[in-house]
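The sequence shown begins at 263 in the numbering used here and counts up one residue at a time. Written out below as structure tokens is the structure these notes cover.
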Amino acid sequence: MTILPRRLTAASLAALIACSAAFAQDSAPSTAPAAASAPRLSLEECVARALDKNFAVRIQSFAVQQAQDSVIISKAAYDPLFGSNWQKAVQESPSALFSTTTGLGGAKPQTDNQSTSFSLTQPVITGGTLTANYSLARNASNTVQALINPSYNGLVSLNLSQPLLQGAGVDYNRATIQIAQLGERVANLNLKSSVLTTILNVETAYSNLAFAREQYVVGQDAVKLAQQLLDENLFKRQTGVLTDLDVVQAQAGLATAQSALIGFKRTMENAEDTLLQALGEREFTTPVGHVEFPPVPATAPNFAGSYKLARDNGPNLAVFAATIEQYKLTALRARRNTLPSLNAIAGGSYSSAEHSYGDANSSVWSGPGYNWNVGLAVSVPIGLRAARAQYRQALANVQSEQVAYDQADQNLLVQVRAAVRAVQSSQEGVAAAIQTTLLSQKQNELQKAKFDAGVATSYDVLQAQNQLENARLTQLQAEVGLRNALASLRFLEGTSLDLYRVNLTAK
Numbered sequence: 263m264t265i266l267p268r269r270l271t272a273a274s275l276a277a278l279i280a281c282s283a284a285f286a287q288d289s290a291p292s293t294a295p296a297a298a299s300a301p302r303l304s305l306e307e308c309v310a311r312a313l314d315k316n317f318a319v320r321i322q323s324f325a326v327q328q329a330q331d332s333v334i335i336s337k338a339a340y341d342p343l344f345g346s347n348w349q350k351a352v353q354e355s356p357s358a359l360f361s362t363t364t365g366l367g368g369a370k371p372q373t374d375n376q377s378t379s380f381s382l383t384q385p386v387i388t389g390g391t392l393t394a395n396y397s398l399a400r401n402a403s404n405t406v407q408a409l410i411n412p413s414y415n416g417l418v419s420l421n422l423s424q425p426l427l428q429g430a431g432v433d434y435n436r437a438t439i440q441i442a443q444l445g446e447r448v449a450n451l452n453l454k455s456s457v458l459t460t461i462l463n464v465e466t467a468y469s470n471l472a473f474a475r476e477q478y479v480v481g482q483d484a485v486k487l488a489q490q491l492l493d494e495n496l497f498k499r500q501t502g503v504l505t506d507l508d509v510v511q512a513q514a515g516l517a518t519a520q521s522a523l524i525g526f527k528r529t530m531e532n533a534e535d536t537l538l539q540a541l542g543e544r545e546f547t548t549p550v551g552h553v554e555f556p557p558v559p560a561t562a563p564n565f566a567g568s569y570k571l572a573r574d575n576g577p578n579l580a581v582f583a584a585t586i587e588q589y590k591l592t593a594l595r596a597r598r599n600t601l602p603s604l605n606a607i608a609g610g611s612y613s614s615a616e617h618s619y620g621d622a623n624s625s626v627w628s629g630p631g632y633n634w635n636v637g638l639a640v641s642v643p644i645g646l647r648a649a650r651a652q653y654r655q656a657l658a659n660v661q662s663e664q665v666a667y668d669q670a671d672q673n674l675l676v677q678v679r680a681a682v683r684a685v686q687s688s689q690e691g692v693a694a695a696i697q698t699t700l701l702s703q704k705q706n707e708l709q710k711a712k713f714d715a716g717v718a719t720s721y722d723v724l725q726a727q728n729q730l731e732n733a734r735l736t737q738l739q740a741e742v743g744l745r746n747a748l749a750s751l752r753f754l755e756g757t758s759l760d761l762y763r764v765n766l767t768a769k
């Protein structure tokens, strides 16, 4: 009853060994990535390419142009307006008048009028409007009562309309220009934020790709070590030093290393696509050159300095501050709109009537005829409920945005504290990971020496190899974590622009 199971177990074990040996021979270690021999691709070059082609930066650049045009539009409201008008009118009445009113007794009255006028309107920053008019006209009729027929009339006039309460004041009318200028500042700050975000994404993608490629190399080394151990175990089994169990353990270790290498390769290829996407590539056919971890500063950051940089250079709080100023200007206008509409109107004109255009033009300036007028126009919605409600809404916007500013400031403080802490802990983590890797390397060498001396098993060697691989991967994770933590801190501080010499005014 016990012989059959033993024979089956031995047969199964022999088959497993044979299959594993064949798998080990067919599955040679993968070669290193082709990018290792490609030209070096620096992080600075990646940042420059991304800022030139990145979709988000290009989109926000159009927003800046639109905001600049909004400023021009708001200022153009005070550009002078020139107008010109020519008109000719001929009229014949269907009824006949008495002979004393027409040249021919009982003839139908006829008129033939022609006029040319010019006007220049100048809006004033106080809210008023100044209008100058000049016109010449020719009026002819068949009436016998006209002293001059045809009559050539000249007219020059100057009229002023100025609000005294609602809509009055330099500050009220200049507010629209200032709101547009603040809008341009917000657009530029958003562009700065977009550039900083793009730089952060490029830095992160670049470091992640460097990590992925180094991780792939670690996986290749693990496959090589596992293959070497399997080859040695196969040889020692033939000499009777080791058993089938040692060979199976080595084969299992090789299969595990090869499986991990497949995953590392997929991670590396995904990281390449992520970097190309950050660079604004569309075809994804451009090969990514050789990348390596960028250098890190030797000194650790401090919270006070980083927080000051973040408040002074970061665009987030500046956007809130500019928006608050916009809302304050809107509230100023809303408060003035709660007043009644009271407009002052004044004007004067000179006129002339002569026998020719030349005489009418020359005599009109001496004022043979004149006209002047002054007046007040008042309009008051009963209760002013809508205007007062709009003013309350404007004040609420100001207060709400101030609270949002305080919240953003608190969030920034927490983010900077966390970022500084992440950099400091990552620096310590890198130092510890390097020491762990050195010790794991030494442990692997000692364990291999014991195995060669016959005082350790192949399982012990596999364990040492796994620990070395994990230590190297942990070190790589610490290295990429430090670079990403530094990139995040520079993003909050707004210092990435200086690091990569980015001039936003040139965009």
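For every residue, glycine included, the Cβ atom is placed at its ideal position computed from N, Cα and C.
Where does the unbroken beta strand (DSSP E) through residue i begin, and where does it stop?
i: T373; result: Q372 to P385
i: S611; result: S603 to E616
i: L343; result: L343 to E354
i: L422; result: S413 to P425
i: R636; result: The question names Arg, but residue 636 is Val in the sequence shown. Segment G631 to S641, the beta strand (DSSP E) holding V636.
Would you say residue i and residue j are within 7 Å of each other, going by their C-beta atoms?
i: N401; j: S419; result: no
i: Q443; j: V333; result: yes
i: A329; j: A449; result: yes
i: A593; j: L541; result: no
i: S403; j: T373; result: yes
i: I387; j: N435; result: yes
i: L744; j: S702; result: no
i: V660; j: K590; result: yes
i: A584; j: R447; result: yes
i: A572; j: L754; result: yes
i: V309; j: V480; result: no
i: L305; j: P556; result: yes
i: L471; j: L537; result: yes
i: Q705; j: A718; result: no
Measure how close the beta-carbons of residue i and residue j come, nearest whole angstrom, since I'm counting them as under 8 Å.
i: V678; j: A740; result: The Cβ separation is near 22 Å, so there is no contact.
i: L427; j: P643; result: Not confirmed; about 13 Å, so no contact.
i: S614; j: G345; result: Their Cβ separation, rounded to whole angstroms, is 22 Å, which puts S614 and G345 out of contact at 8 Å.
i: L516; j: Q482; result: Between Q482 and L516 the Cβ distance is about 13 Å, and since that is not below 8 Å, they are no contact.
i: L579; j: L674; result: 7 Å
i: F575; j: S611; result: Note that residue 575 corresponds to Asn in the displayed sequence, not to Phe. With a Cβ gap of about 60 Å, N575 and S611 do not count as contacting.
i: P342; j: T383; result: 7 Å
Note the first and the last residue of the continuous alpha helix (DSSP H) segment covering residue i.
i: G481; result: V432 to Q500
i: Y569; result: F565 to N575
i: A622; result: Y619 to S625
i: E543; result: Careful: E543 lies outside any alpha helix (DSSP H) and carries neither H nor E.
i: S258; result: The question about residue 258 has no answer here: the residues shown for the chain are numbered 263 through 769.
Looking only at its chain, what residues have a beta carbon closer than 6 Å to the beta carbon of residue i, apart from the 5 residues adjacent to it on each side?
i: F473; result: L738 and V742
i: V764; result: none
i: Y653; result: A596, R597 and T600
i: L759; result: none
i: V581; result: V448 and L451
i: Q424; result: G390 and A606
i: S455; result: P577
i: L604; result: L426, L427 and V640
In its own chain, which residues sit with a C-beta less than 7 Å from the C-beta of residue i, not counting the 5 before and 5 after it?
i: R302; result: G551 and H552
i: Q511; result: S720, Y721 and L724
i: M530; result: P295, A474, R475 and Y478
i: R650; result: T600
i: Q689; result: A562 and L744
Looking only at its chain, what residues have a beta carbon closer than 8 Å to the beta carbon of residue i, apart from the 5 residues adjacent to it on each side?
i: L751; result: P563, S568, V678, A681, V682, A684 and V685
i: A777; result: With the chain covering 263 to 769 only, the question about residue 777 has no answer from this structure.
i: R670; result: The question names Arg, but residue 670 in the sequence shown is Ala. If we look at A670 and ignore the five residues flanking it on each side, its Cβ neighbours are N578, L579 and F582.
i: I410; result: A615, E616 and H617
i: F324; result: none
Please confirm whether residue i has its beta-carbon closer than 7 Å to some beta-carbon of chain B.
i: L305; result: Of the protein chains in the structure, only one exists, and it is not chain B.
Just list the beta strand (DSSP E) runs in the region 671-739, keeping only unbroken ones of 3 residues or longer that don't cross its boundaries, in chain order.
-> Scanning the region 671-739 from its first residue to its last, no whole beta strand (DSSP E) run of 3-plus residues comes out.
What are the complete alpha helix (DSSP H) segments, minimum 4 residues, inside the region 299-334?
-> Here the runs fully enclosed are 305-315.
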